[in-house]
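Following the working numbering, the numbering of the sequence shown begins with -10 at its first residue and continues without gaps.
C-beta: ideal position from N, C-alpha, C; glycine also.
Nothing here was measured: the structure is a model prediction, and the numbers come from that model.
For reference, the structure is listed below as structure tokens.
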Amino acid sequence: MERHRFLIIAGAASAAVGLCNRGASALHPTLGGDGTRSSISLGSQNPGPSDLSIAEWVFPASDLAVTEDIRWVGDSGPVVVDRLVFAVSRPNNQGSVAKLWAIDRAEGTLVWSKDVPSQINDSWSTPTIDRGNATLIYGTGSQGFDQSGRVQARSLLSGDLLWEAELEKDIVNATPLVTTDRGSADRAFITDFEGFYAGGQGGVLYCINVDPFDAATNPYEPGDIVWRAPLFDGASGATPAYDGERVYVATAGDFGPPAVGGQVIAFDPAAIDATGAELWRTPIGGNDGFFGGVSVAGGYVYGATYDFFGTTTSARLLKLNAETGSIVWETASNRTDSIPVALDDGRIALSTGIPGFGSLPALQLFDDLGTSASLLDDTSVATWQDDGDGLIELGEFEIIGGWTHQPHVVLDHPFTQGPVVFVGSIAVPAAGQFFSGYTRLSMVDLAAPFGSPGSVLSVYEGAGSSPAVSGPNLYTIGETGVVGIGAYCPGDVDLSGQTDFFDVITYLKIKDAGSPEADVTLDGTVSSEDVVEAIQRVEDGCE
-10 MERHRFLIIA GAASAAVGLC NRGASALHPT LGGDGTRSSI SLGSQNPGPS
40 DLSIAEWVFP ASDLAVTEDI RWVGDSGPVV VDRLVFAVSR PNNQGSVAKL
90 WAIDRAEGTL VWSKDVPSQI NDSWSTPTID RGNATLIYGT GSQGFDQSGR
140 VQARSLLSGD LLWEAELEKD IVNATPLVTT DRGSADRAFI TDFEGFYAGG
190 QGGVLYCINV DPFDAATNPY EPGDIVWRAP LFDGASGATP AYDGERVYVA
240 TAGDFGPPAV GGQVIAFDPA AIDATGAELW RTPIGGNDGF FGGVSVAGGY
290 VYGATYDFFG TTTSARLLKL NAETGSIVWE TASNRTDSIP VALDDGRIAL
340 STGIPGFGSL PALQLFDDLG TSASLLDDTS VATWQDDGDG LIELGEFEII
390 GGWTHQPHVV LDHPFTQGPV VFVGSIAVPA AGQFFSGYTR LSMVDLAAPF
440 GSPGSVLSVY EGAGSSPAVS GPNLYTIGET GVVGIGAYCP GDVDLSGQTD
490 FFDVITYLKI KDAGSPEADV TLDGTVSSED VVEAIQRVED GCE
């Protein structure tokens, strides 16, 4: 179709946007999908693929000259915006460097790569996209030997460094949170690493400005640290979550002796300094702590602990009131650094376990009974084939899940008309290896009992990191690189599977609503250039 015909249609379509409600948000900008860390999407928006078995592309492809000495960070996850996928690698040998990679999601080809300060302690932090400012924000370790973490913001289009914030300590496993609803004063939140709390301030939550300077509403430059709030506790992997009202952080506690359990703490995102920023603090007792993030849904905060001793029921899954911090219930669970996924039917999915040290990798499913909760299903138990000694051991069950994996649930997947979960399988580590990555990704029917015939709907072999689900596509990381599953069509704005007049209407609806998603050129502004580019994509159609 000729360009001028679509331009005429676009002029008429702006008056007709109220007649069509086929719009969809196909973003996966951070760990857990958004700031709530919910790891939930709708089939009408982000259904993901129905068939995992064949990859559209694997990056780097064998014919691509990416020769850097790297290891892909298989315990992190990719993130997605528009037609770009971002992932992280770490040095493989002395002298090599850590990198951020931008990949074209239509072709699986390199857009840019940039060196970043190396991660410490095999950190698996995931980047976060700040769509409003067209930046990729990443928290990493020291520059040299100064033991100061770095939060960097880089241009989505070029990877150029736009600002950098220096923290007091390194960052380990924590993913940045970026608010999107605070007008001209949006903030990034990140925690630093305090492995052994021995008094003092412990770990710290940082509030960092991400928006342009405004003397009246935002008297900070991008990258300025607005405030630092001591956690007075150990902190590792303490990824913040946000629900529009409060920022939530879970801590690791104190190894002691005596060992003291972790805490969940809520902060005011609108605070102008650390004084009064803390809203409530809830110690969980015991001697187990949180080594990952929390999720927030329906007015409640969900978190799960890691216990260094015991078996598959030695840790805890907890639910807290988001407004008051009071513990609603707690129940025994397998150890994990993963974030709980609260479904809309009262069930909670949790990826757990390590292959050894008294634990086993498993995807667990719990039932929220209101004032208590109980374990409904466990893949290690459901698929167990005993060798006769009465013990569940590696090799006797199907490995699904793992302690560093963040699964993603689609509530009403088009293939099943019900909930499915995309979940990885942790590799059994070789001798002397501890961080083993994920080697398989499964699509599991959550309407069927674990282990029942047909409950695993589809499998991809060779990669299985925390997935990014964006529209009908899915992206995951394996030992050899980043995998894209499902063909991507930039012009299919309404996710109908084809390009037509409704895609133009949907784009104009997104633009008229003032959504950053209308910035298809990824330059940080929405202009006539974005409209022209969006219409051109529709004209180009889908392959």
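Inter-residue CB distance, residue i and residue j (contact presumed, cutoff 8 Å)
i, j, result
"Pro442", "Ala371", "Not a contact, Cβ separation roughly 12 Å."
"Phe74", "Ile118", "In the sequence under discussion, the amino acid at residue 74 is Val, which differs from the Phe named in the question. Going by Cβ atoms, the distance from Val74 to Ile118 rounds to 11 Å, so no, they are not a contact pair."
"Phe355", "Ser369", "Not confirmed; about 15 Å, so no contact."
"Ile197", "Ala177", "4 Å"
"Gly192", "Thr240", "7 Å"
"Ser455", "Ser65", "7 Å"
"Thr341", "Gly390", "6 Å"
"Ser102", "Pro403", "With a Cβ gap of about 35 Å, Ser102 and Pro403 do not count as contacting."
"Val100", "Ala91", "4 Å"
Residue i to residue j span [Cα, whole Å]
i, j, result
"Val236", "Thr313", "13 Å"
"Asn110", "Val161", "7 Å"
"Gly292", "Phe490", "44 Å"
"Glu157", "Phe185", "15 Å"
"Arg11", "Glu183", "Per-residue confidence for Arg11 stands at a pLDDT of 29, beneath the threshold of 50, marking its modelled position as unreliable; no derived number is given."
"Ala13", "Glu468", "For Ala13, the predicted structure reports a pLDDT of 38, less than 50, and the residue's modelled location is therefore unreliable. The matter cannot be settled from this model."
"Val199", "Asn122", "8 Å"
"Gly148", "Val515", "20 Å"
"Val417", "Gly250", "29 Å"
"Thr228", "Gly138", "15 Å"
"Gly223", "Asn81", "29 Å"
"Thr300", "Val215", "43 Å"
"Pro479", "Val520", "13 Å"
"Glu267", "Gly288", "18 Å"
"Leu446", "Ala362", "28 Å"
"Ala263", "Pro219", "8 Å"
"Ala338", "Ser517", "44 Å"
"Ser107", "Gly379", "45 Å"
"Gly503", "Tyr496", "11 Å"
"Gly97", "Gly21", "23 Å"
"Gly63", "Thr320", "29 Å"
Bridge-paired residues (DSSP) for residue i
i, result
"Leu194", "Thr180, Ala218"
"Asp170", "According to DSSP, Asp170 bridges with nothing at all."
"Tyr237", "Ala230, Ala255"
"Leu430", "Gly413, Tyr449"
"Phe355", "Ile337, Leu364"
"Val68", "Phe75"
"Gly470", "Gly467"
"Pro461", "None, per the DSSP bridge assignment."
"Ile126", "Thr117, Ala142"
"Pro456", "Beta-bridge pairing links Pro456 to no other residue."
"Thr98", "Asp93"
"Ile59", "Pro80"
"Glu312", "DSSP output for Glu312 lists no bridge partner at all."
Best match in the options for proximity to residue i [C-alpha to C-alpha]
i, options, result
"Gly345", "Trp392, Lys308, Gln374", "Trp392"
"Asp367", "Ser361, Ser28, Ile381, Thr360", "Ile381"
"Trp61", "Leu41, Glu45, Ala87", "Ala87"
"Ser327", "Val47, Lys308, Gly281", "Gly281"
"Pro211", "Ala259, Leu268, Trp152, Pro229", "Trp152"
"Trp318", "Thr469, Val417, Thr360", "Thr360"
"Thr124", "Thr302, Gly32, Leu89, Leu31", "Leu89"
"Asp23", "Tyr209, Leu484, Ala286, Gly384", "Ala286"
"Leu332", "Phe298, Leu400, Gly97", "Leu400"
"Ala163", "Gln525, Pro505, Arg26", "Arg26"
"Arg324", "Gly97, Pro116, Ile343", "Ile343"
"Ala436", "Gly451, Pro408, Gly460", "Pro408"
"Ile474", "Leu220, Gly451, Thr168, Pro272", "Gly451"
"Ser431", "Trp373, Ser459, Pro461, Thr465", "Thr465"
"Ser85", "Asp181, Asp58, Gly426, Leu99", "Asp58"
"Leu41", "Trp373, Leu146, Ser414, Leu463", "Leu463"
"Gly413", "Trp101, Gln487, Gln395, Thr405", "Gln395"
"Gly460", "Phe297, Asp481, Asp243", "Asp481"
"Leu146", "Cys531, Asp512, Gly530, Val105", "Asp512"
"Tyr295", "Ser444, Asn276, Ala255", "Asn276"
"Leu619", "Ala142, Asp483, Gly426", "What is shown of the chain runs -10 to 532, which leaves residue 619 out entirely."
Beta carbon of residue i nearer than 9 Å to that of residue j
i, j, result
"Leu352", "Val410", "yes"
"Asp492", "Val527", "yes"
"Val472", "Val47", "yes"
"Thr302", "Tyr231", "no"
"Leu307", "Val238", "no"
"Arg120", "Pro36", "no"
"Leu16", "Glu522", "no"
"Leu358", "Gly335", "yes"
"Val140", "Tyr209", "no"
"Ser28", "Val330", "yes"
"Asp181", "Asp213", "no"
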